[in-house]
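Novice: Let me begin by handing over the structure; questions about it come next.
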Amino acid sequence: MENLVSQNNTVVIVEHDPEIITQADFLIDLGPEGGEKGGYLLYAGTPKKIFEKDTPTALALKYLSSQRKVSYYTSYSYPKKLKIIKAKKYNLKEITFSLPVGAITSIVGASGSGKSTLLEEIIYKGITAYKQNLSFDSCESIEGYEHFSQVLFITQEPLARSPRSIVATYIGIFPYIRKLLASTPLAKKYGYTETFFSFNSEISQCSECKGLGFEVIEMQFLSDLVIPCEVCKGKRYKEEVLEIKWKDKNIAEILELTVDSAIEFFENHPPIKGTLNLLQKLGLGYLKLGQPLSTLSGGEAQRLKIAEILSQIKSEKALILLDEPTVGLHLKDIEKLVSSLKYLKEKGHTIVVVEHHPEIILSSDWVIELGPEGGEKGGYLIFEGSLKDFLNLKDQKSKTAYYLKEYLTGLKLKEKAEKEKKYHYEDTYIKLRGIRHHNLKNIDVDLPREKFIVITGVSGSGKSTLAFDVIFTEGQRRFLETLPAYLRQFLKLYEEIDYDLISGIPPTVALEQKSGELSPRSTVGTLTEILPYLRLLYSKISKTYCPKCNFPLIPRSEKELLEFAKKLFKEEKLENAEVSFLAPIVKHRKGIYRNLFEKLLNSGYYEVRIDSIFYKLPPIPSLSRYKEHTIEALIGKTNFKKFKNFEELFLKTLKEGKGEALLLVNSKEFLFSQKRACVKCGVSLPEPDPLLFAFNSRIGACSHCQGLGKIEDKVCPLCKGSRYKEEVFYYKINGLSLPEFCELSIEKAIEFLKNLKLEGKEKILAEGLISEIISRLKYLIELGVGYLTLGRSADTLSSGEAKRVRISAEIGSNLTGVAYILDEPTIGLHPKDNAKLIKVLKSLKNKGNTIIVVEHDEETILSADYIVDLGPGGGKKGGEVIFVGTPSQLLKNEISETAKALKDINRKKLKSLKRKPSKFILLEGAYLRNLKNINVSIPLNSLTVVVGVSGSGKSTLICELLYENLKKLLSIKTKSKLDLWGVKNVRGFENIKRVYLVDHSPIGNTPRSTPATYINVFTNIREVFANTPLARQRGYKEGRFSFNTEEGQCPYCKGQGYLKVEIKFLPEVYQVCEYCGGKRYNPETLEVYFKGKNISEVLNMDFSEAKEFFKHFSSIYQKLNTLCNIGLDYLNLGQPSPSLSGGEAQRIKLTKEFVKSSKGGSLFILDEPTTGLHINDVEKLVNVLQGLIDKGHTVIVIEHNLELIKWADWVIELGPEGGEKGGYLIFEGPIEEFLKANTITSEILKDYLNIK
């Protein structure tokens, strides 16, 4: 435990052991007693000062510190013996021993030495078998078992799991109490028998909680809530039962009495008082008579069992066996346990205890020690004899005896508590030593915990490898190792890391650059994980309204529902039809429900409907454990004309369905609910289930669009885009349904929740949920996206909005002691929002978390507490630590490329080529989403940069409206009028021939796809190999050198280079193929060399090496040179496409188009192409873009990065804010005019360029 503290952990222990108590750093003492007399804070402070107090713990510690003597019993007092000869089971080594009858015997020894085996498997099972004349082969024979009338084995297992079992019923006094109440004049007058005073009886129990006194409310993914019943206020009974009093107390008040109080109350009633006295003697005087047995501790349960045995056994002599009865007991309670054992002995019983606690052993008459160690080295008889002989053992023959003698001299606990303790705390660093993963070159680095750390460096230098593949993966792996093997099999296992040492790593949470689009099935509510809390809130506290008259649906009596059924059947003319009465038992819950079906069978029900299909019982249906099921019991069938029968079945169905009945007539279903019904309109709605409020579930989704809200890009006509079925709109909180709430902006949603006035049960149910929802919503506001709605479809978010929504989901969980790892969180953020993000990340750090950010943004780098700069180049030229330290130290560094870029004065100059456009594409009346009917001019043969805050409409205008409409217009051959989307007119498009959207989506989804295959350079390389002399001699064509064809690929891994290994109960693992060693090809193919390299070695080259290697092949060289020019020289030809970042994928697509586009006339649209680029690499990207314009193309870039904006010929700014407050055209024109304007972005650009 001290080691754990040294590793900067906080250790909290619930403990009674005096050694641990006195050697703690801080002590909290509660008491002074158990139950109602406990719960007070008696002491909080250092252990040494507790010796000045008089708390029960302090008195116990002082007692144990003093010297004591033991009174012994002689073995002659016990002439009768129980003898067991040659006991052998598990590790017991054929031991023969005896123990005295009518005495207390302790079995002691090291853990695993065979004590419990001896007690349960030999003594208990052996004597039980002998008494029943059964064979028993775990020992040779047992002598003296006839001295015992019975053998009882008392464990610490719970006495009951149901709250219906209480102390008074267990000890058998409840029938007497009920008789006393039934004997009162008032009870006799009303004819109340003793049954009337049972809370398990339907006639007397509270009809709301069925006599439990409380309600258990299932909170799905949160802990269940237990709240007092609102009707009986926790008293379990109906009001009329509580009118009957005996000695001025009703039944509920009697059950509230403690054992101590009840002894006085039942002074003149020996049957009750005698049993209660036993409980008091056993130290259970604080228990209430009505306390549920399920709430008792193990120690309390054990002593209650002893009390029950004492009350049952009168003159008989029993053998009572106990296994470690002191577990969970305070020394004060151990004294009570000792007196209980002695009391049992006085009554003539024999007690055998397996125990480690000195107080129990010292109270024994006889000791049996097993050992000397645990497991196979245990199971020998070390000692048997009287306690006196045991304590007189010499030469440390018994470690237990030696410790007991020291214990009797006093434990010197005060001295131990006063002893100064010094921890050698480990430095609070994540220590990384000898990291050799991907391109990292055996690096050593220490990252301070609870700091804001930026990992930067040129593109491909190993930043993501260090942050994600090393720190995140190792943190995850170590956390997953704490889970059971069964659970680990369902979790993703990451690639193993090659390293010397990784220490001080906390649990890790990653937020990576996600490639690809967000699903239209997701919304802001699902991405932030707020929706599950809202679903739970609506299912617990919403009010239901009639779909016809809009009046609240209120609880109805059985009689009202029956009248409503009569009316309905007459109106629908169903008097002659057969009616099936179904009681809803289970709604949309997972499980196999065997016990339920057996219970239904026992209750006389022989048919059920499961998920709309009828099944006869028996046999018991076999259900999938992991699938949600709806189960209804068929109560019976009749028709309306047999009204007596109809009424009887209707009421019975309501009872079995807990207030709900489902009537099936001619395949039509009619629901009757006591809880939510409008008798006037004849409408019943079901109890709300969280799944009803889930648009991704069958139960809650609109049946027309299946919860998507759209059908073929058009708003669903049935749900009007809300995604929900109509029924959901009738469940409201303060007049708002969940779909309506999800259409409020985040700011308004918080205001709505804060203004809710809830009381009683609703308040208990909702307050935790509401505080969690508000906390998560506030993060969205802090991140600057308070204008979003929770119902906003994820696929309509801009990249900046999506990024911040994801960040809010990760940080909304309010964790502490975690390492959050983020990949370029500023991507998609306007420079004005960077400060908000940095503030949120620093607040997260201040909660005790470590923030590790992979970032190129200047403001973020300079805001860090600590910087790690990797380099000096990318790929094979990177993977070294160039610098570690603070921002101020970085700026003094002479080697770091990052430092040089940050200090470069020439960087902050306007670089625009200031082209003067003559032709334009004109968008007239753009109104899609938040665009405010704007007219926009886009110049041809220029570099246009579209700027504006996140959510202002940039992606809507360019990536959706412009791109989709141009695609349609350019594909139409005829001059017929075309339906434009989101815009009134598009002019000037005749001057372009093609339109390309170069986005961040992956270039391939399988490891078989590589950058070399994507840009078609691999075909050229394979042709080179096919033209080598050996290849021609063997007749190898270029297909032979593809790892995707059978002729060339390794036959074992099918050209993948690794194999998936599945081990039962463990996650799947990928291992390098042993046959080809990860080379992907068969040996014959690898025998073909070009310039000393085979095809596998060429695939392992980076683009820079390959460019030089193939410099005499112009088709290969041109493609590879373009990739190097765009800043991707560090990537390998054979790198699997799924491992590329979104920015890398985008630049590879751009290269492919650049290589293809010899003729002009194309329009290229790029969304944030600087993603993942180091400051130094932005210019390389710009050169490629300028090259495209020089070839006669047009380039439009959506960008926040000032490093690129400074190159623009033309600037379009949307704003002024995001969401509904955005979508206006703030500026359009040449960059020199933009720098004279006063917009949010122009001010930031002027500041960056030092233009006053």
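Numbering of the sequence shown is given in the numbering used here, commencing with residue 1 and proceeding in unit increments.
Every residue gets a Cβ at the ideal spot worked out from N, C-alpha and C, and that includes glycine.
Could you check which residue in Gln674, Tyr927, Asn133 and Ser813 has the C-alpha nearest to that of lysine 655?
Specialist: Residue numbering aside, residue 655 sits at position 655 when the sequence shown is read from its first letter. Checked all of Gln674, Tyr927, Asn133 and Ser813; the closest Cα to lysine 655 is Gln674.
Novice: Between isoleucine 237 and isoleucine 699, what straight-line distance do the alpha-carbon atoms span, to the nearest angstrom?
Specialist: Locating residue 237 in the sequence shown gives position 237, where the first residue counts as 1. Locating residue 699 in the sequence shown gives position 699, where the first residue counts as 1. At residue 237 the sequence reads tyrosine, which differs from the isoleucine that was named. Rounded to the nearest whole angstrom, the C-alpha separation of tyrosine 237 and isoleucine 699 is 37 Å.
Novice: How would you call threonine 456, buried or exposed, if buried means at least 16 neighbouring beta carbons within 10 angstroms?
Specialist: As a position in the sequence shown, residue 456 is number 456, starting the count at 1. Result: buried.
Novice: Could you have a look at glutamine 706 and say whether DSSP puts it in helix, strand or coil?
Specialist: On the sequence shown, position 706 is the one that residue 706 refers to. If DSSP states are grouped into helix, strand and coil, glutamine 706 belongs with coil.
Novice: Which residue or residues does DSSP assign as beta-bridge partners of phenylalanine 197?
Specialist: For this step, residue 197 is matched to residue 197 along the sequence shown. In the DSSP output, where bridge partners are listed per residue, phenylalanine 197 has none listed.
Novice: Use the C-beta contact count for aspartate 469: other C-beta atoms within 10 angstroms, 16 or more gives buried, fewer gives exposed.
Specialist: Position 469 of the sequence shown holds residue 469. The residue is buried, with at least 16 neighbouring Cβ atoms inside 10 Å.
Novice: Could you compute how far the alpha carbon of arginine 1034 sits from the alpha carbon of proline 1011?
Specialist: Translated into positions along the sequence shown, residue 1034 becomes position 1034. Translated into positions along the sequence shown, residue 1011 becomes position 1011. Approximately 29 Å, taken between the alpha carbons.
Novice: Does DSSP put glutamate 759 in a helix, in a strand, or in coil?
Specialist: Residue mapping note: residue 759 aligns to position 759 of the sequence shown, counting from 1. Note: glutamate 759 maps to coil in three-state DSSP.
Novice: Cα separation between glycine 659 and leucine 225?
Specialist: Your numbering for residue 659 matches position 659 in the sequence shown. Your numbering for residue 225 matches position 225 in the sequence shown. Going by the C-alpha atoms only, they are around 22 Å apart.
Novice: By alpha-carbon positions, which one of Thr523, Asn595, Leu957 and Leu708 ends up nearest to glutamate 743?
Specialist: Against the sequence shown, residue 743 aligns to sequence position 743. In terms of CA proximity to glutamate 743, Thr523 leads the group Thr523, Asn595, Leu957 and Leu708.
Novice: Considering only C-alpha positions, which residue in the set Gly460, Val509, Lys680 and Phe452 is nearest to arginine 477?
Specialist: Within the sequence shown, the letter at position 477 stands for residue 477. Checking every option, the nearest Cα to that of arginine 477 belongs to Val509.
Novice: Going by beta carbon distance, what residues of the same chain come within less than 8 Å of lysine 548, once the five residues before and after it are set aside?
Specialist: Stepping through the sequence shown from its first residue, residue 548 is reached at position 548. Contacts found: Cys678, Cys681 and Val683.
Novice: Suppose the cutoff is 7 Å on Cβ atoms and the five residues either side in sequence are ignored; what does the same chain contact list for threonine 789 look like?
Specialist: Position 789 of the sequence shown, counted from the first residue, corresponds to residue 789. Once the five neighbours on either side are set aside, the close Cβ partners of threonine 789 are Val524, Cys742, Glu743, Leu744 and Ser745.
Novice: Helix, strand or coil: which one does DSSP assign to isoleucine 1244?
Specialist: Counting from 1 along the sequence shown, the entry for residue 1244 is found at position 1244. Isoleucine 1244 falls in the helix class under three-state DSSP.
Novice: Measure from the C-beta of threonine 55 to each C-beta in chain B and report whether the shortest distance is under 8 Å.
Specialist: In the structure shown, chain B does not exist; there is a single protein chain.
Novice: Report the CB separation of alanine 766 from isoleucine 541 in whole angstroms; it is logged as a contact under 8 Å.
Specialist: Sequence index remark: in the sequence shown, residue 766 carries index 766 (1-based). Sequence index remark: in the sequence shown, residue 541 carries index 541 (1-based). Indeed, because the Cβ distance is near 5 Å, the residues count as touching under 8 Å.
Novice: If you draw a straight line from the alpha carbon of valine 1253 to that of isoleucine 453, how long is it in whole angstroms?
Specialist: Past the boundaries of the shown model lies residue 1253; the chain is included only from 1 to 1252, so the question cannot be answered.
Novice: Would the beta-carbon of lysine 1054 be found less than 7 Å away from any heavy atom of the ligand MN?
Specialist: This structure lacks the ligand MN; in fact it carries no ligand of any kind.
Novice: Determine the direct distance from the alpha carbon of tyrosine 192 to that of glycine 172, and round the result to whole angstroms.
Specialist: Within the sequence shown, numbered from 1, the residue matching residue 172 stands at position 172. Within the sequence shown, numbered from 1, the residue matching residue 192 stands at position 192. Rounded to whole angstroms, glycine 172 to tyrosine 192 spans 21 Å at the Cα level.
Novice: According to DSSP, simplified to helix, strand and coil, what is proline 47?
Specialist: Locating residue 47 in the sequence shown gives position 47, counting from the first residue. Correct three-state label for proline 47: helix.
Novice: Could you give the DSSP three-state label for valine 818: helix, strand or coil?
Specialist: Locating residue 818 in the sequence shown gives position 818, counting from the first residue. Coil, per DSSP.
Novice: Just to check my reading of the structure: valine 108 and isoleucine 361 have Cβ atoms closer than 8 Å, yes? What is that Cβ distance to the nearest angstrom?
Specialist: Counted from its first residue, the sequence shown places residue 108 at position 108. Counted from its first residue, the sequence shown places residue 361 at position 361. Contact annotation, valine 108 with isoleucine 361: C-beta distance approximately 6 Å; criterion of less than 8 Å satisfied.
Novice: Out of curiosity, what's the CA-to-CA distance linking tyrosine 380 and phenylalanine 148?
Specialist: Position 380 of the sequence shown holds residue 380. Position 148 of the sequence shown holds residue 148. So the alpha carbons of these two residues sit roughly 27 Å apart.
Novice: With a cut-off of 8 Å on the beta carbons, I'd call tyrosine 286 and lysine 37 a contact; round off their distance for me.
Specialist: If you number the sequence shown from 1, residue 286 lands on position 286. If you number the sequence shown from 1, residue 37 lands on position 37. Between lysine 37 and tyrosine 286 the Cβ distance is about 5 Å, and since that is below 8 Å, they are a contact.
Novice: Determine whether the beta carbon atoms of phenylalanine 672 and alanine 565 lie at a separation below 8 Å.
Specialist: In the sequence shown, residue 672 corresponds to position 672, counting from 1. In the sequence shown, residue 565 corresponds to position 565, counting from 1. Yes, they are a contact pair.
Novice: Measure how close the beta-carbons of glycine 1057 and valine 1072 come, nearest whole angstrom, since I'm counting them as under 8 Å.
Specialist: The sequence position of residue 1057 within the sequence shown is 1057, counting from 1. The sequence position of residue 1072 within the sequence shown is 1072, counting from 1. Indeed, because the Cβ distance is near 7 Å, the residues count as touching under 8 Å.
Novice: Residues bridged to glutamate 2 by DSSP?
Specialist: Here residue 2 refers to the residue found at position 2 when the sequence shown is read from its first residue. According to DSSP, glutamate 2 bridges with nothing at all.
Novice: Quick one: is leucine 1120 buried, meaning 16 or more other Cβ sit within 10 Å of its Cβ, or exposed?
Specialist: Taking the sequence shown and counting its residues from 1, the one referred to as residue 1120 is at position 1120. Under this definition leucine 1120 is a buried residue.
Novice: Given a cut-off of 8 Å on the beta-carbon distance, is the pair histidine 1000 and alanine 794 in contact?
Specialist: As a first step, residue 1000 is located in the sequence shown; it is residue number 1000 there, counting from the start. As a first step, residue 794 is located in the sequence shown; it is residue number 794 there, counting from the start. Taking 8 Å as the Cβ cut-off, histidine 1000 and alanine 794 do not qualify as a contacting pair.
Novice: Would you report the Cα separation of serine 799 and glycine 112, rounded to the nearest angstrom?
Specialist: Taking the first residue of the sequence shown as position 1, residue 799 is located at position 799. Taking the first residue of the sequence shown as position 1, residue 112 is located at position 112. Each residue's alpha carbon lies about 60 Å from the other.
Novice: Got a sec, what are the start and stop residues for the beta strand (DSSP E) valine 608 sits in?
Specialist: Counting from one through the sequence shown, the residue named residue 608 turns up at place 608. Its beta strand (DSSP E) spans residues 607-610.
Novice: Leaving out the 5 sequence neighbours to the left and right, which residues in its chain are closer than 7 Å to glycine 516 when beta-carbon positions are compared?
Specialist: Taking the first residue of the sequence shown as 1, we reach residue 516 at position 516. The pLDDT assigned to glycine 516 is 49, lower than 50, so where the model puts this residue is not dependable; a value taken from the coordinates is nonetheless given after this. So the list reads Ser1001 and Pro1002, once near-sequence residues are dropped.
Novice: Three or more C-beta pairs under 8 Å: does that hold for the segment 227-234 against the segment 204-214?
Specialist: yes
Novice: Quick one, are the C-beta atoms of leucine 333 and glycine 283 less than 8 Å apart?
Specialist: The sequence position of residue 333 within the sequence shown is 333, counting from 1. The sequence position of residue 283 within the sequence shown is 283, counting from 1. A small correction: the amino acid at residue 333 is aspartate; leucine does not occupy that position in the sequence shown. Yes, they are a contact pair.
Novice: If you drop the 5 nearest sequence neighbours on each side, which residues of the same chain put their C-beta closer than 6 Å to that of tyrosine 130?
Specialist: Taking the sequence shown and counting its residues from 1, one reaches residue 130 at position 130. Here tyrosine 130 has Ile142 and Tyr145 as same chain residues with Cβ atoms under 6 Å from its own Cβ, once five neighbours each way along the sequence are excluded.
Novice: Sort out for me which residues DSSP pairs glycine 636 with in a bridge.
Specialist: By 1-based counting over the sequence shown, the position of residue 636 is 636. In the DSSP output, where bridge partners are listed per residue, glycine 636 has Phe581.
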